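Residue numbering for the sequence shown follows the numbering used here, starting at 133 and increasing by one per position.
Note that the Cβ used here is the ideal one computed from N, Cα and C, for glycine as well.
None of the values given here were measured: they were computed from a predicted structure.
Here's the structure, in structure tokens; my notes come after.
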Amino acid sequence: MAEQLGAAVIGLGMMGERHAAIWRELPTTRLVSVYDIVPERTQAVAEACGCEAAGSLEAALDRPDVDLVSVCTDDGRHVEPCLAAAAAGKHILLEKPLATSLQDCDAIIAACASAGVKLMVGHVVRFDPRYAVAQQAIAEGAVGEVIQVYGRRNNILDSGRRIAPRTSVAFFLGVHDLDLMRWFVGAEAVKVHAEAASKVLVDVAAEDSIMALLKYENGAVGCLETCWAMPKGIPCTLDARLEVIGSEGMVRVTVGDEGCTVISPDRASRPDILYGPHLRGEQHGALRAQLEHFADCVRLDREPLISPRDARAAVELAVAIHESLRTGAPVYL
């Protein structure tokens with residue numbers, strides 16, 4: 133394999149642009165091609181990153197110098213680019229969630245397995261050292277047997293208005309913590325019961341907030357809180373917490389106040405310093421670590437930190453949440 137892996141990016145929204153920048157910056161990769169269904173966006177990102185502006189999905193994937201592909205399309209539009217990338221023999225880093233239905237999840241997983249290419253879904257929070265250290269402590273027995281887990285991930289209303297027409301708060305935000313809660317508990321959920329509120333995003337028929345109760349096969353219980361209706365004036369755009377209480381101890385991770393506050397005459401803000409800060413002309417943080425990890429997995433033929441089974445399990449829970457909202461009853465898995 134070449135000293136530098138060739139990368140392509142499909143889907144050039146906010147996350148796609150970040151993937152493109154990082155593939156360009158990493159010493160082990162080079163950005164070869166980008167593609168978006170909006171030609172103007174493709175051209176703009178290609179010019180900014182100094183790579184090919186592909187005229188089609190096929191053109192981006194047909195290049196022999198592309199080894200891996202970031203798929204950063206909308207949540208419900210993952211199947212076509214993933215199946216095409218697998219058929220072209222490209223390793224795939226797919227922005228979470230894996231898909232929005234189990235049928236689509238299984239189609240993507242099967243295509244990658246059949247083609248012999250690696251598939252990793254970008255559950256980027258696993259690359260946040262706070263969560264990684266907490267999970268390691270639990271795995272080493274610091275809390276004893278897990279009794280309960282609580283996951284919270286709330287975002288500002290601007291995000292909800294921008295994204296709700298294309299996905300749901302469960303798939304956009306909640307899937308992070310559904311994955312983390314499973315990772316921390318170390319067991320599968322067997323029962324899900326959810327309730328939702330919709331007061332401000334009623335015009336797009338979207339839930340503002342979802343609360344879900346989970347029961348795990350090892351007897352632990354869980355509570356998920358996810359909302360994208362926080363007021364714009366809040367200093368941080370993300371308010372998250374994950375807490376585990378066990379028979380011998382507890383672990384708590386908090387996100388929101390990272391120790392840096394910027395205060396101006398009309399507002400105070402807390403900039404992102406962990407997930408994707410842009411410093412000295414480059415992307416840093418958990419997102420860069422995630423892409424670097426995947427490139428290393430391809431170069432060194434290692435298994436990624438997040439398996440297809442892990443990613444499918446998170447989608448299964450998000451699907452169960454929506455089924456519980458639809459029926460008003462618990463869903464048994």
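Check: Buried versus exposed call for Ile438 [16 or more other C-beta atoms within 10 Å across all chains shown]; Outcome: buried
Check: Beta-bridge partners of Met343, as assigned by DSSP; Outcome: Glu327 and Glu357
Check: Backbone CA spacing between Glu380 and Val281 [nearest angstrom]; Outcome: 14 Å
Check: Which residues DSSP lists as bridging Ile395, in chain order; Outcome: Ala400
Check: Neighbourhood of Phe116 by C-beta, 6 Å cutoff - its chain only, sequence neighbours within 5 removed; Outcome: Any question about residue 116 goes unanswered here, given that the chain covers just 133 to 465.
Check: Distance between Arg412 and Arg434 (C-alpha atoms, nearest Å); Outcome: 31 Å
Check: Selection from Leu465, Arg444 and Thr386 that minimises the alpha carbon distance to Leu230; Outcome: Arg444
Check: N- and C-terminal bounds of the alpha helix (DSSP H) containing Leu406; Outcome: Unbroken run through Leu406: none, as it is neither H nor E.
Check: Limits of the unbroken beta strand (DSSP E) element including His223; Outcome: His223 to Glu227
Check: Cβ contact check for the segment 372-392 and the segment 256-264: 3 or more pairs under 8 Å; Outcome: yes
Check: Under 8 Å between C-beta atoms of Met343 and Leu356; Outcome: yes
Check: Beta-carbon spacing of Thr358, Gly292 below 8 Å; Outcome: no
Check: Whether Ala329 touches Ser341 by CB criterion (8 Å); Outcome: yes
Check: Spatial distance of His410 from Ala180 (CA atoms); Outcome: 15 Å
Check: Own chain, CB closer than 6 Å to Leu423, minus 5 neighbours either side, in chain order; Outcome: Ile154
Check: 3 or more residues per run - each beta strand (DSSP E) lying fully within the segment 185-273; Outcome: 200-203, 223-227 and 251-254
Check: Backbone secondary structure at Ala139 - three-state DSSP; Outcome: strand
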